[in-house]
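The structure appears right after this line, and notes come after that.
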Ligand SMILES: [Zn+2]
């Protein structure tokens, strides 16, 4: 689709004046007279010609959203690569991004729920076997006394809370999954959102930086959405690790690997926080070509840790919802 009035993707300056000066030939490259951004004329005149085959925001169907999931995550994993490919000319659809993220979390949630249920079943089954072995040596009278320690794996009283907790973890946290990795991941994902909000606010506040770079706020807002919400995927990883921990408590080959499981958690959390900062620095320098000095970037990166109180505020605001869900869970017998 040819854009009706071609504008600079960085500062939105109307380029019709420039184009009107073309008399004999059409150049392929130019410079925005307002912000100095290097323009690729064919992309400015017709942005729809940029179609990234791996990018979920360019997916034409739900099927493509799914098939492009791994390539998009792979490119997002290293922010430099992402910002080199997703330039300011690239057409964006934050609506499609959020749809993709929601669908992905939903699918992963169903998978992790099934994993948590399976692992819990195995754990309870083995507990039963152990208890049976112990009480088989007791008198029939004592056996009756200790029978309450056995869980009836066919009863609704076992399945309802197990399925319920597996589905609602970490919003509802009961006895079975005590490691709380999902809960920890949720906390750090919120911290990452807080960091992104601070980056956004700093871009809004520092008029001088914005005037110097002439950057449209829509770019900053999109980056906030992409970087702020992506870490919430880690909650699903946390749920999976919670299942792995429970498995390690009763399955020997895994129990020896529990240190590895802790290392995975540590690396993930560290990567999330580093990634968050790297994403913003890469956005500023590569994506938006803002000529920020290194000390300025270090200053903003340090200041972005003010995201910690923001994250605490988000968690406090979310607490009543969590309590309401917990009450509801108790009410339906979870
Ligand atoms: Zn411009």
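In my numbering, the protein residues as written are 332 to 665. By construction, the Cβ of each residue, glycine as well, lies at the ideal position given by its N, Cα and C atoms. All values reported here derive from a predicted model rather than from experimental measurement.
Looking only at its chain, what residues have a beta carbon closer than 8 Å to the beta carbon of residue i, apart from the 5 residues adjacent to it on each side?
{"i": "residue 646", "result": "518 and 521"}
{"i": "residue 492", "result": "505, 664 and 665"}
{"i": "residue 510", "result": "572, 573, 576 and 577"}
So, with DSSP's three-state summary, where would you put residue i?
{"i": "residue 345", "result": "strand"}
{"i": "residue 338", "result": "strand"}
{"i": "residue 485", "result": "coil"}
{"i": "residue 468", "result": "coil"}
{"i": "residue 559", "result": "helix"}
{"i": "residue 360", "result": "strand"}
{"i": "residue 418", "result": "coil"}
Taking its Cβ as the centre, do 16 or more other Cβ atoms sit within 10 Å of residue i, making it buried, or is it exposed?
{"i": "residue 476", "result": "exposed"}
{"i": "residue 610", "result": "buried"}
{"i": "residue 503", "result": "buried"}
{"i": "residue 546", "result": "buried"}
{"i": "residue 680", "result": "The structure shown does not extend to residue 680, since the chain is modelled only from 332 to 665, so the question has no answer here."}
{"i": "residue 363", "result": "buried"}
{"i": "residue 594", "result": "exposed"}
{"i": "residue 451", "result": "buried"}
{"i": "residue 386", "result": "buried"}
{"i": "residue 394", "result": "exposed"}
{"i": "residue 357", "result": "exposed"}
{"i": "residue 480", "result": "exposed"}
{"i": "residue 431", "result": "buried"}
{"i": "residue 661", "result": "exposed"}
Restricting to Cα atoms, I'd like to know which of the options is closest to residue i.
{"i": "residue 409", "options": "348, 602, 637 and 663", "result": "602"}
{"i": "residue 549", "options": "422, 435 and 449", "result": "422"}
{"i": "residue 404", "options": "597, 558 and 358", "result": "558"}
{"i": "residue 617", "options": "351, 368, 435 and 593", "result": "368"}
{"i": "residue 460", "options": "581, 431, 536 and 345", "result": "581"}
{"i": "residue 417", "options": "619, 591, 349 and 437", "result": "619"}
{"i": "residue 344", "options": "480, 589, 481 and 544", "result": "544"}
{"i": "residue 411", "options": "642, 625 and 615", "result": "615"}
{"i": "residue 563", "options": "449, 637 and 525", "result": "525"}
{"i": "residue 523", "options": "637, 649, 351 and 381", "result": "637"}
{"i": "residue 456", "options": "621, 585, 578 and 596", "result": "578"}
{"i": "residue 361", "options": "370, 608, 653 and 449", "result": "370"}
{"i": "residue 608", "options": "585, 652, 528 and 596", "result": "528"}
{"i": "residue 654", "options": "486, 501 and 366", "result": "501"}
{"i": "residue 599", "options": "516, 454 and 587", "result": "516"}
{"i": "residue 381", "options": "484, 346, 420 and 391", "result": "420"}
{"i": "residue 606", "options": "353, 560 and 467", "result": "560"}
Beta-carbon within less than 7 Å of residue i's beta-carbon, same chain only, minus the 5 sequence neighbours each way: which residues are those?
{"i": "residue 425", "result": "553 and 556"}
Can residue i be considered in contact with ligand 3, in the sense that its beta carbon sits closer than 8 Å to one or more heavy atoms?
{"i": "residue 365", "result": "For the structure depicted, ligand 3 is absent and the ligand set comprises only ligand 1."}
So, at 6 Å on beta carbons, what are the nonlocal neighbours of residue i in its own chain, with the 5 sequence-adjacent residues on each side left out?
{"i": "residue 612", "result": "628"}
{"i": "residue 359", "result": "372"}
{"i": "residue 383", "result": "389"}
{"i": "residue 413", "result": "406 and 407"}
{"i": "residue 447", "result": "497 and 574"}
Does any CB atom of chain C fall closer than 9 Å to the CB of residue i?
{"i": "residue 566", "result": "Annotation note: the requested chain C is absent from the structure, which comprises a single protein chain."}
- [ ] Examine the Cβ distances between the region 465-473 and the region 626-636 and report whether three or more of them are shorter than 8 Å.
- [x] no
Task: Sufficient close CB pairs (3 or more, under 8 Å) joining the region 558-574 to the region 436-450 - done: yes
TODO: Decide yes or no for the touch test of the region 495-502 against the region 521-535: beta carbon pairs closer than 8 Å, at least 3 of them.
DONE: no
Open item on the list: For the region 338-348 against the region 370-380, do three or more pairs of beta-carbon atoms, one drawn from each stretch, fall closer than 8 Å, so that the two count as touching?
Closed with: yes
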